[in-house]
Amino acid sequence: MEDELALAPSRAAPAAPDVAQTGGGSSHGRIETDALIVGAGPVGLFQVFELGLLEIKAHVVDSLGYAGGQCVELYPDKPIYDIPAVPVCTGRELTENLLRQIDPFGATFHFGQEVCEVERQADGRFHVATAKGTRFLTKTIFIAGGAGSFQPRPLRVEGIEKFLGSQLFYRVTNPALFAGKDLVILGGGDSALDWTLNFVGAIKGESPNRPQSVILVHRRDGFRAAPASVARMRELCSAYEMQFMVGQATGFDEAGGKLTGLKVTASDGVTRVVPLHMLLVFFGLTPKLGPIANWGLALERKQVAVNTATFETSVPGIFAVGDVNTYPGKKKLILSGFHEAALAAFGASPYIFPDKRVMLQYTTTSPKLHKVLGVETPDFD
Numbered sequence: 011m012e013d014e015l016a017l018a019p020s021r022a023a024p025a026a027p028d029v030a031q032t033g034g035g036s037s038h039g040r041i042e043t044d045a046l047i048v049g050a051g052p053v054g055l056f057q058v059f060e061l062g063l064l065e066i067k068a069h070v071v072d073s074l075g076y077a078g079g080q081c082v083e084l085y086p087d088k089p090i091y092d093i094p095a096v097p098v099c100t101g102r103e104l105t106e107n108l109l110r111q112i113d114p115f116g117a118t119f120h121f122g123q124e125v126c127e128v129e130r131q132a133d134g135r136f137h138v139a140t141a142k143g144t145r146f147l148t149k150t151i152f153i154a155g156g157a158g159s160f161q162p163r164p165l166r167v168e169g170i171e172k173f174l175g176s177q178l179f180y181r182v183t184n185p186a187l188f189a190g191k192d193l194v195i196l197g198g199g200d201s202a203l204d205w206t207l208n209f210v211g212a213i214k215g216e217s218p219n220r221p222q223s224v225i226l227v228h229r230r231d232g233f234r235a236a237p238a239s240v241a242r243m244r245e246l247c248s249a250y251e252m253q254f255m256v257g258q259a260t261g262f263d264e265a266g267g268k269l270t271g272l273k274v275t276a277s278d279g280v281t282r283v284v285p286l287h288m289l290l291v292f293f294g295l296t297p298k299l300g301p302i303a304n305w306g307l308a309l310e311r312k313q314v315a316v317n318t319a320t321f322e323t324s325v326p327g328i329f330a331v332g333d334v335n336t337y338p339g340k341k342k343l344i345l346s347g348f349h350e351a352a353l354a355a356f357g358a359s360p361y362i363f364p365d366k367r368v369m370l371q372y373t374t375t376s377p378k379l380h381k382v383l384g385v386e387t388p389d390f391d
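Written out as structure tokens, the structure reads:
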């Protein structure tokens with residue numbers, strides 16, 4: 011998804027259950043749980059549901075700061091047409107509906123954390139740790155990380171990374187940082203346009219976060235953003251509320267250890283220096299398998315191989331669902347991931363309830379499932 015980065019102002023992430031750093035039992039500071047789901051995208055959320063129907067409680071870890079995965083990070087407002095019985099919905103709407111659906115099961119979410127350590131214990135359970143120090147002791151693991159963790163595509167200008175976090179940013183987490191500044195935004199996707207319009211609106215609306223000026227730079231005059239946003243941007247340029255430049259960043263100027271200007275080379279070969287205080291780069295996100303590649307799982311072309319009867323990986327007790335897995339005939343569709351989550355839940359139940367025979371029940375007719383879901387059993391007489 012070139013030139014797209016979510017978390018734009020008009021694309022607020024769906025409201026999710028409160029982030030919790032503790033929950034369940036504990037063992038030597040570790041959170042004890044029956045199931046740990048790595049990934050809070052649509053398939054990871056539906057995994058919570060399928061496990062919940064089997065009365066299996068889950069904790070969920072995601073490297074992003076909110077639920078939704080790719081659907082919210084890459085296309086929150088773009089239509090999805092292939093969810094069964096839902097003619098059309100956006101990525102955000104799908105996520106919000108899934109969060110409502112799993113609400114009865116009380117999953118505990120740990121956002122903004124990446125699993126960095128997985129080790130099987132003598133009793134068969136797994137010790138799992140995140141880069142932030144949260145530790146788990148879990149009977150099963152469900153990898154639902156989509157295509158992997160998403161990292162921003164960097165600006166390829168030698169030496170400019172030294173300004174990262176002070177004057178160079180790939181995300182907007184605190185708009186107040188840009189107040190009173192000359193701001194340059196790079197990119198041509200939804201996030202670049204949305205943040206451009208947001209900051210220009212702050213200037214016009216006398217917001218306390220208003221920058222001094224806004225210049226949008228994109229390598230071409232075409233955009234991968236909503237047409238209405240592009241049209242509005244051009245209107246603002248015509249009204250001299252902002253500027254738009256066609257070109258690519260090829261260098262920078264600095265003085266006293268500060269970034270003072272960005273060198274932009276146009277298609278005619280002419281390079282101009284654009285003065286700035288702050289630089290925002292929205293070149294999109296790139297998926298990376300990340301630490302999962304080091305878990306000792308059988309991989310095929312950087313995807314996790316699974317047994318399609320249970321979607322268990324080569325390591326007993328670890329399952330993989332959604333885009334992260336591969337098998338003959340695999341199709342990377344959300345609906346395929348939902349199917350995989352159902353079978354994975356049943357495949358995991360023997361590890362959690364070794365002495366219990368788990369029977370298939372239907373949410374339409376099962377009083378037990380109605381109790382689990384917190385709904386009344388309908389009277390069909």
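Under my numbering, the first residue of the sequence shown is numbered 11, with each subsequent residue one higher. Heads up, the beta-carbon is just placed ideally off N, CA and C, and yes, glycines get one too. Small disclaimer: the values here were computed from a predicted structure and weren't measured.
Extent of the continuous alpha helix (DSSP H) to which residue i belongs
i    : result
Q177 : Note, Q177: premise wrong, no alpha helix (DSSP H); not H, not E.
A241 : P237 to S248
K67  : Taken as a continuous stretch (DSSP letters only), K67 belongs to no alpha helix (DSSP H), as it is neither H nor E.
I112 : G101 to I112
G79  : G79 to E83
V382 : P377 to L383
Spatially closest choice to residue i from the options, by CA coordinates
i    : options                   : result
D192 : P221, G215 and T206       : P221
T323 : G49, A358, P301 and D92   : A358
A351 : P364, R181, N317 and F363 : N317
S346 : S277, G156, S248 and G75  : G156
K340 : L295, G327 and A315       : A315
L309 : N335, V96 and T296        : N335
D333 : V58, F348 and P326        : F348
P338 : P326, V325, R130 and F321 : F321
A81  : E65, A68 and E106         : According to the sequence as given, residue 81 is Cys; it is not Ala. Minimum Cα distance to C81 is reached at E106.
I213 : G190, F363 and G198       : G190
V53  : E65, F262, I153 and V138  : I153
L174 : M288, V48 and I344        : M288
S217 : P237, W205 and A186       : A186
C235 : A249, L286, F293 and A276 : According to the sequence as given, residue 235 is Ala; it is not Cys. Checked all of A249, L286, F293 and A276; the closest Cα to A235 is F293.
E65  : V385, K88, P388 and I362  : I362
First and last residue of the uninterrupted beta strand (DSSP E) at residue i
i    : result
E168 : No beta strand (DSSP E) holds E168; DSSP gives it neither H nor E.
E129 : V125 to R130
G261 : Q258 to A265
V138 : F136 to T140
Whether residue i touches residue j by CB criterion (8 Å)
i    : j    : result
V382 : L63  : yes
F254 : L272 : no
A259 : L165 : yes
V240 : I195 : no
G101 : I90  : yes
L295 : P162 : yes
V125 : T140 : yes
E251 : V210 : yes
N392 : F188 : Since the displayed the chain opens at 11 and closes at 391, residue 392 lies outside it and no answer follows.
G39  : R135 : no
V182 : H228 : no
V325 : L307 : yes
Assumed close pair residue i, residue j - CB separation to whole angstroms, cut-off 8 Å
i    : j    : result
T118 : L46  : T118 to L46, Cβ: 10 Å. No contact.
F329 : T150 : 7 Å
V284 : V274 : 6 Å
D72  : F121 : 6 Å
V58  : I112 : 4 Å
E83  : L74  : 6 Å
- request: Jot down the residue ranges of each uninterrupted beta strand (DSSP E) in the region 278-325, minimum 3 residues, whole runs only, in chain order.
  value: 281-285, 288-291, 295-298 and 313-315
task: Pick out the complete alpha helix (DSSP H) segments inside the region 331-358, 4 residues or longer, and give them in chain order.
output: none
field: Ranges of the beta strand (DSSP E) found wholly within the region 198-236, counting only runs of at least 3
entry: 223-228
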